[in-house]
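First residue of the sequence shown? That's 1 in full-length UniProt numbering, and the numbers climb one at a time after it. Ideal placement from N, C-alpha and C gives every residue a C-beta, glycine not left out. Working notes for the structure below.
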Amino acid sequence: MFALVDCNCFYVSCERVFSPSLEGKPVVVLSNNDGCIVARSPEAKALGIPMGVPYHKYKNQLQNA
Numbered sequence: 001m002f003a004l005v006d007c008n009c010f011y012v013s014c015e016r017v018f019s020p021s022l023e024g025k026p027v028v029v030l031s032n033n034d035g036c037i038v039a040r041s042p043e044a045k046a047l048g049i050p051m052g053v054p055y056h057k058y059k060n061q062l063q064n065a
């Protein structure tokens, strides 16, 4: 038997479990080798932050939100 489970914003949700202060803020999770965005919170999605782009391109937008 095989199963596939897809959780919405999984990596962001995991980070928020350990850092509840992130709740309600735009949060992105980066890959460990190239600094690209691999997960976004709903708040980050609402800002128009796309997946797979380098963090440095959206750093200011996220910090000023």
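Nearest-angstrom Cβ-Cβ length linking residue i and residue j, presumed shorter than 8 Å
i: V17; j: V29; result: Not a contact, Cβ separation roughly 13 Å.
i: L47; j: P26; result: 6 Å
Three-state secondary structure (DSSP) of residue i
i: L62; result: helix
i: residue 67; result: No answer is possible for residue 67: it lies beyond the span of the chain, which begins at 1 and ends at 65.
i: L30; result: strand
Sheet register partners of residue i (DSSP bridge)
i: residue 66; result: Nothing can be reported for residue 66: it is not among the residues displayed for the chain, which extend from 1 to 65.
Own chain partners of residue i with C-beta closer than 8 Å, once the 5 adjacent residues on each side are dropped
i: V53; result: C36 and I37
i: S19; result: none
i: C7; result: S13
Reference residue i; option with closest CA among the options
i: E15; options: F2, P50 and A39; result: A39
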